[in-house]
Structures are given as structure tokens and as C-alpha cells.
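Data first, discussion second: the structure below is written as C-alpha cells.
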Amino acid sequence: MAEKITPRNVDYSRWYTDVVLQAKLADYSPVKGAMVIRPNGYAIWEMIQQNLDRMFKETGHVNAYFPLLIPESFMRKEAEHVEGFSPECAIVTIGGGQELEERLYIRPTSETIIWSMYKKWIMSYRDLPILINQWANVMRWELRTRLFLRTSEFLWQEGHTAHAAYQEAEEEALKILKIYKTFAEEYLAIPVIAGKKSEAEKFAGALHTYSIEAMMQDRKALQAGTSHNLGQNFAKAFDVKFQDKDGKLQYVWATSWGVSTRLVGALIMTHADDNGLVLPPKIAQRQIVIVPIWRGEEEKKQVLAYANEVKETLGKEFTVILDDRDQYKPGYKFAEWELQGIPVRLEIGPKDVAKNGMVMVRRDLMKKEFIPKNGVLETVRGTLERMQKEMLENARKFQQEYTHIVDDYKEFKKTIEEEGGFVKSHWCANPECEAKIKDDTKATIRNIPFDREEEKGKCIICGSESEGRVIFAKAY
RNA sequence: CGGGGCGUAGCGCAGUCUGGUUAGCGCACCUGCCUUGGGAGCAGGGGGUCGGAGGUUCAAAUCCUCUCGCCCCGACCA
Numbered sequence: 008m009a010e011k012i013t014p015r016n017v018d019y020s021r022w023y024t025d026v027v028l029q030a031k032l033a034d035y036s037p038v039k040g041a042m043v044i045r046p047n048g049y050a051i052w053e054m055i056q057q058n059l060d061r062m063f064k065e066t067g068h069v070n071a072y073f074p075l076l077i078p079e080s081f082m083r084k085e086a087e088h089v090e091g092f093s094p095e096c097a098i099v100t101i102g103g104g105q106e107l108e109e110r111l112y113i114r115p116t117s118e119t120i121i122w123s124m125y126k127k128w129i130m131s132y133r134d135l136p137i138l139i140n141q142w143a144n145v146m147r148w149e150l151r152t153r154l155f156l157r158t159s160e161f162l163w164q165e166g167h168t169a170h171a172a173y174q175e176a177e178e179e180a181l182k183i184l185k186i187y188k189t190f191a192e193e194y195l196a197i198p199v200i201a202g203k204k205s206e207a208e209k210f211a212g213a214l215h216t217y218s219i220e221a222m223m224q225d226r227k228a229l230q231a232g233t234s235h236n237l238g239q240n241f242a243k244a245f246d247v248k249f250q251d252k253d254g255k256l257q258y259v260w261a262t263s264w265g266v267s268t269r270l271v272g273a274l275i276m277t278h279a280d281d282n283g284l285v286l287p288p289k290i291a292q293r294q295i296v297i298v299p300i301w302r303g304e305e306e307k308k309q310v311l312a313y314a315n316e317v318k319e320t321l322g323k324e325f326t327v328i329l330d331d332r333d334q335y336k337p338g339y340k341f342a343e344w345e346l347q348g349i350p351v352r353l354e355i356g357p358k359d360v361a362k363n364g365m366v367m368v369r370r371d372l373m374k375k376e377f378i379p380k381n382g383v384l385e386t387v388r389g390t391l392e393r394m395q396k397e398m399l400e401n402a403r404k405f406q407q408e409y410t411h412i413v414d415d416y417k418e419f420k421k422t423i424e425e426e427g428g429f430v431k432s433h434w435c436a437n438p439e440c441e442a443k444i445k446d447d448t449k450a451t452i453r454n455i456p457f458d459r460e461e462e463k464g465k466c467i468i469c470g471s472e473s474e475g476r477v478i479f480a481k482a483y
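Per my numbering, the very first residue in the first sequence carries number 8; after that it's consecutive.
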């Protein structure tokens, strides 16, 4: 291989970087901590946007846009919030060549500026709920950065809703988490565990935080989406009250929720292999590549005419690339499209033309299979559907294989240290026990799964009563 | 901020210790021929303020001084 990807078992993090760079998903920018998202990478983000945006709108949400710059005084209004975010904020101090009277934060998230506006817009219960989402960039200054996973500037969507009652906000936060889970599994083919964050891990300024957690191929956890019930914290900070049906003034109830370009990193670390990216069909903007093979002009003409017919047939339903470049040999093209993760490759040479068929290769399996030209659209459609399904199943098997049930702390440490993955253990809900585990092992509580079994037990640290198991793992 | 390393073609590097024609190699790129079922071959070609500034010297990528930038390792985070 001329273009090398470091194999996963040699150096997982170099493998990741190699895949991102070689598949042309992103590149390093002149500004440290920032990245350029290249067309191949942005195409993935667009697919994420399109599908999530549709799902948000189907549940009554609308899009809007709030400013990038936030007055410092706004950030300071919610104590926990400013404390949580201040260390990672970039601040504008000069504008128009002059020192600003009030410094402006480049948004690390938009709760404060949005709630300053909600104050203007909300008077009565009739104004509620407000279900606004925005697609935007945010900035959180980072020292140790990794493409897609942790960059100072990243793209995301942030939903900010306002409600008349606690219960409504709670339902909203859970509804969104459900959407995230559905999207992650059905589109990205990433199995996730939905649950509630512990107090220590929740969002700065939230009442409850919920998350979906995925397991990467190195068995580390990655938070793939979060949703917060913010209670009345921001309403109180920004003095946002509404008059209820009884004529009484109440503070508004809030949620916020988001997923980011980090999902692209999750997609890579869930499915890609030593040959490069593997895209689930539903996320691939281009699902099929045809590589024609020929010797001499005569064959070239024949093969290309045939390949074009196939392209046209498949083009009714899918986006097809016909790679007829003359300067590269087929082997080179195979490798290149594999690198970019195109789900299905069709190889068409003189032998296939003679047999009225072609060779089909599924990117995740890499097995060659001869298929007839008759019914190629149905064959490929079926293959793509199976591929989508099996990618999720395989990832789920992997996740289950590395999910351990552990009741003894010695074994816990050993498992986290040697095996990695998710460890399900009892925990008494005391933050001190949680902190001790983090100090000892670097593992954190990923979440308290919604679907956990009711099972009385004893905290793995202190032995106190526990209502059920929580998920521990080392995380990105 | 503390410890280790590195700046030479788009990328990866050699050359620096021991100063000396025109600064070299691999990949990539361009042209042509030839090839095409798993990353071909041959020939020719383009591309460099040797990170920057100052100094020593007949002569500096090489020696000296200063400076800038980057990467790796230790406290927080979608």
C-alpha cells in the first residue's frame, strides 16, 4: 500500500488521524485547535443535519439563529454556568480598533443569550412552549485537540425550549434524547445507551442531564448526544416569568440539547477499519462506485458503455460514481474508494460484460460477489439495506461483548485497566464514591441507563444500598 | 506553566557533529510512452528566501547570539 493507514492494533489514535486525513474528511488549520472540514467530511455532517433537522421539525421544533457574541454580563448571570464554562472561553476585547466597554464572549453555548431574548418574548402561558433549535458553531478553547472529537471551534445544533411546567420540560428533554438514540442507531448504525448523568457529570446549570453513550472500537466510551432539563435556573437568572391560567407569575421551565460534529468522529471510530472509512448507506451521500476495467481502446469503449447503462439504472435511486479515470489502475481505485468508505463497489470488466453481470463488493465485508446485470437495482438496494442493518448489529455485538457486570472493586479496576469497555456496577449515588473511582481508575459514570433492571445491590466502593447498576467507562 | 523533541520542495526525511562546486532522496505533481481483475513500469520535467533576524568567516543549511513557531508528556471538557 502506498498510502498507509496505521493499523488499529499498532496505534489506535494514529489510525484515527490517518483515516480522517487520508479519507479527506478534515485537515489541520493554521489556527491551533481548529480544523477544516473538507467536502467528504462535510457531506457526512450534511446528512446528519438533514435527518436530524427533519426529525426536529416533525416534533414541532423550528430553527432560528442567535448571535456569536455574548456580553460578559450575560455569562455571569448563572453562577454554575459561568463557572463551568469560563476556563474554556475565548473573549473579544477589541472592536473597531478600540477597547470594548464590555467584553464579548464567543459563545461556548447559547443559553444566556437565548434566555435574554426569551425574556422579551414570553409574557403568558399562551406564549409557551417555545421550541427553537439553531445550527451553529461554538468555541471552547482546548489545549489537547483531536480532529472532530475535540476542537476549539466545532459545529453543532443546540435546541433551547421554554415550557410552562416542570413535567413538560422533562418530557421534552426525554423526547429529544429518544430522537438522538433513534438517529444514532438507524442512521449512523451506532448502538447507544440512553440514560441519566450523575450529578458530577451533568451540564453546568442543569437540573438533570441525559445522554446517549456509545462504545468506540478501542472500547472507550463516547458521549454522542446530550439533553438537559434546565429547570428554572436560566429563567431565574434572566428573570423570565409568565402568567399562568390562574393569573399567577411563574418562572419558565427550560431545556437545552445538542449533538455536534463529534458524531463524525463517533462514526469513524465505530465503523472504520484498517482500509479506511466505512459509511453506513444512509449516511453516505454517494452510495455506489463503479470501477471499470479494460485493456485497449476497444474494450474501454465496450466496458464504459456497459458501465454507463448500469450507472443510469442505479442512478434512479442512488448516487453513483463511475470512476473512468485513465491515469489510475483498478487496484488503485479500489483502495481509494475503500479509503473513502463508499458502501458498495461494482467492478465491471470484459469478463463481466461477457457474462452480463458484474462483481459487487460491500465495503464492510470486503467480499467479492458476482451478480447479474438483470435486476441490479433490486440487488444493490437489498445489499445496502442489509449492510445498514448488519453494521448496527455488528457494532451492538461488539458493545455487548465488552460490557461487563462486576461486583468486586478489585475486579473492577482490573477490568477497566486491562479490558476496557463498559462496566456495570452498583453505586450508592454518593458523589464521593464516584470521585474515588475516577481518581483510582480514570473511569467515570457514563450514565444511569433508563432500561436498567431493578436490582438491589451494594455500592462497589462503600457497600451501601444501591437501586441498580450504572455504567462506568473511560471516556473521550 | 514545567520536562523531552523538531523546524531543509506539497508531504516524509538526509545533509548540520567536522563550513567549501549547481542543496539531495522517497512519495506526490506535470509531459510522453506503456499498462489496466488489488495501490504498475520507463524516460523527461517543474517546484527551495534551508523558520526569522543579527553576527563570525574569503565562504554558512552547517559555527555563535537572539527570536518565532510546532509536536509529545503532567490539572478541566460536546
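Glycine included, every Cβ here is placed at the ideal spot set by N, Cα and C.
Here the structure is a predicted model, which means the values were calculated and not measured.
- For residue 258, the closest alpha carbon among the candidates 468, 38 and 136 is that of 136.
- The C-beta separation of residue 275 from residue 27 comes to about 7 Å, placing the pair in contact by the 8 Å criterion.
- Rounded to the nearest angstrom, the Cβ distance from residue 369 to residue 351 is 6 Å, consistent with a contact under 8 Å.
- Between the alpha carbons of residue 428 and residue 450 lies a gap of roughly 10 Å.
- Within its own chain, the residues whose Cβ lies closer than 8 Å to the Cβ of residue 126, once the five positions on either side in sequence are excluded, are 245, 246 and 247, listed in chain order.
- DSSP places residue 448 in the uninterrupted alpha helix (DSSP H) bounded by 438-448.
- Using a Cβ distance threshold of 9 Å, residue 465 and residue 414 count as a contacting pair.
- Exclusion of the five residues before and after residue 180 leaves 215, 217, 234, 235, 236, 262 and 264 as the residues of its chain whose Cβ lies within less than 8 Å of its Cβ.
- Between the region 322-337 and the region 367-383 there are fewer than three inter-stretch CB-CB distances shorter than 8 Å, so the stretches are not counted as touching.
- In this chain, the alpha helix (DSSP H) harbouring residue 25 covers 19-29.
- The three-state secondary structure of residue 286, taken from DSSP, is coil.
- Closest in alpha carbon position to residue 239, among 188, 221 and 171, is 171.
- The beta carbons of residue 431 and residue 410 sit closer together than 9 Å.
- In the DSSP assignment, residue 35 forms a beta bridge with 42.
- Leaving aside the five residues that flank residue 475 on each side, the residues in its chain whose CB is nearer than 7 Å to its CB run, in chain order, 459, 460, 461 and 462.
- Under the DSSP assignment, residue 328 falls in the beta strand (DSSP E) whose first and last residues are 327-329.
- Look at the beta carbons and you see the region 55-69 touching the region 186-195: at least three pairs across the two are nearer than 8 Å.
- With the rule of 3 Cβ pairs closer than 8 Å, the region 216-231 does not count as touching the region 84-93.
- Taken in chain order, the complete alpha helix (DSSP H) segments of 4 or more residues contained in the region 114-173 are 118-128.
- In chain order, 88, 89, 92, 93, 96, 112 and 119 place their CB closer than 8 Å to the CB of residue 82, counting only its own chain and leaving out the 5 sequence neighbours on each side.
- Per DSSP, the continuous alpha helix (DSSP H) segment holding residue 244 begins and ends at 240-244.
- Membership of residue 299 in the beta strand (DSSP E) is indicated by the continuous run 295-299.
- Rounded to the nearest whole angstrom, the C-alpha separation of residue 163 and residue 53 is 11 Å.
- Residue 47 sits in a helix when the DSSP states are folded into three classes.
- Per DSSP, the continuous alpha helix (DSSP H) segment holding residue 337 begins and ends at 337-347.
- An exposed status is given to residue 207, since fewer than 16 other beta-carbon atoms sit within 10 Å of its beta-carbon.
- Per DSSP, the unbroken alpha helix (DSSP H) holding residue 383 starts and ends at 383-408.
- By the Cβ rule, the region 15-35 counts as touching the region 271-287, because three or more pairs are nearer than 8 Å.
- Around the beta carbon of residue 195, a 10 Å sphere encloses 16 or more other beta carbons of the protein chains shown; the residue is thus reported as buried.
- Between the alpha carbons of residue 362 and residue 150 lies a distance of about 58 Å.
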